[in-house]
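A.B. asks: Please read through the structure below; I'll follow up with questions.
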Amino acid sequence: MASDKLQSSVVDKTSQNDEQQVKVNKVREMIGSTANELPTLFSDASILRYLRARKWNTKKTCQMLRETAKWRMEYKPEQICWDEIAHEAETGKTYRSNYPDKYGRTVLVMRPGLQNTYSTSGQMKFLVYCMENAIMNLPPGEEQMDHYPERLGQAILYNPPKIFESFWMLVKPYFEARTSSKIKFVYSNDPESQKFMEGLFDMEKLESALGGQNPKVFDCKEYGETMREDDKKIHSISSVQ
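Start counting the sequence shown at 209; every next residue gets the next number (the numbering used here).
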C-alpha cells in the first residue's frame with residue numbers, strides 16, 4: 209500500500225513537472241529571439257518563477273518578462289558597482305548578512321530608520337544593487353517585486369511600532385495570500401517570536417540588534433571589501449552571458 213502511494217506520488221510529480229515544462233517552452237516560444245539576449249532571465253528556473261507569479265498564465269507571464277527584459281537592458285543592474293553606491297550604505301540601512309538562514313537563503317537586512325540620503329534615484333540604485341547581490345549569493349537551485357518575482361522567502365518586521373501591525377491588517381487583503389503569508393511581525397519580548405527566530409536562524413550568528421547573540425555591528429569598510437569581491441564575480445558572470 210505504501211509502495212503504491214509512493215509510486216502514485218512520483219507519477220503525479222512527474223506529470224506536474226511535464227506540464228510545467230510545456231508552459232516554460234510555450235513562454236520561450238512566445239518571447240522569441242529576445243530570450244537569447246538574456247539567457248539567465250529566460251532560463252527554465254527563471255521562467256518558472258514568473259509563471260508562478262502570474263498563476264501560470266502564459267500571456268501575463270510573457271508581458272511581465274518582456275517588461276523585465278526591457279528594464280534590465282536599459283537599467284543594466286549587473287553593471288552597478290559598489291563604489292557607485294557605497295555612500296548609500298554608510299549607516300548600514302540595508303546590507304546582506306554574512307550568514308544564510310536555516311534554509312540556506314540569503315538574509316537581507318533593511319533598517320529604514322537609518323536612511324541617510326535624499327536622492328530617490330540613488331536610493332533605488334542602491335536597492336537594486338542589494339537585490340542583485342543577494343540573488344547572486346543564493347545557493348544553486350534557489351534562483352516579489354515586478355522585476356524580481358518569487359524571490360521573497362520571509363519578510364520579518366522586527367520590533368516595529370504597534371501601529372504598523374494594525375496598518376498591515378488593513379492592507380493585507382490587497383496582497384496575494386502567497387505573499388502576505390511571508391510577512392511576519394516579530395517582537396523581542398514575545399516568547400512566540402523568539403521561537404520563530406530560533407527556528408529560522410542560527411542565534412549565535414544572528415545580530416544582537418535582531419535578537420541574536422552576535423554582538424558585531426555593521427562595519428561599512430569591511431562590508432565594502434566583501435562587496436568589491438562580489439562585484440568581480442557578478443561582472444565575470446555577466447561577461448560570459
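Cβ coordinates follow ideal geometry from the N, Cα and C atoms, glycine included.
(1) DSSP three-state call for E430: helix, strand or coil?
(2) If you compare alpha carbons, which of T242, V425, E430 is closest to R280?
(3) Mind checking M353: buried by the 16 CB within 10 Å criterion, or exposed?
(4) Per DSSP, what kind of secondary structure is F393 in: helix, strand or coil?
(5) Along the alpha helix (DSSP H) that carries I343, what are the first and last residues, could you check?
(6) Helix, strand or coil for R262, going by three-state DSSP, please let me know.
(7) Put T302 into one of helix, strand or coil per three-state DSSP.
(8) Give me whichever residues DSSP pairs with A363 in a beta bridge.
(9) Can you round the beta-carbon distance between F409 and D309 to whole angstroms, since I take them to be within the 8 angstroms contact cut?
(10) Cβ of W376 within 8 angstroms of Cβ of I391?
(11) Residue range of the beta strand (DSSP E) that L316 falls in?
(12) What three-state label does DSSP hand E415 in the structure shown?
(13) Could you give the DSSP three-state label for N324: helix, strand or coil?
(14) Nearest to I255 by CA position, among R236, G361, K413, is which residue?
C.D. replies: By the coordinates alone:
(1) helix
(2) T242
(3) For M353, the pLDDT reaches just 43, beneath the cut-off of 50, and the residue's location in the model is therefore unreliable, although a value from the coordinates is still provided. M353 is exposed by the Cβ-count criterion.
(4) strand
(5) 328 to 344
(6) Reduced to three states, the DSSP call for R262 is coil.
(7) strand
(8) I391
(9) 6 angstroms
(10) yes
(11) 316 to 318
(12) strand
(13) coil
(14) R236
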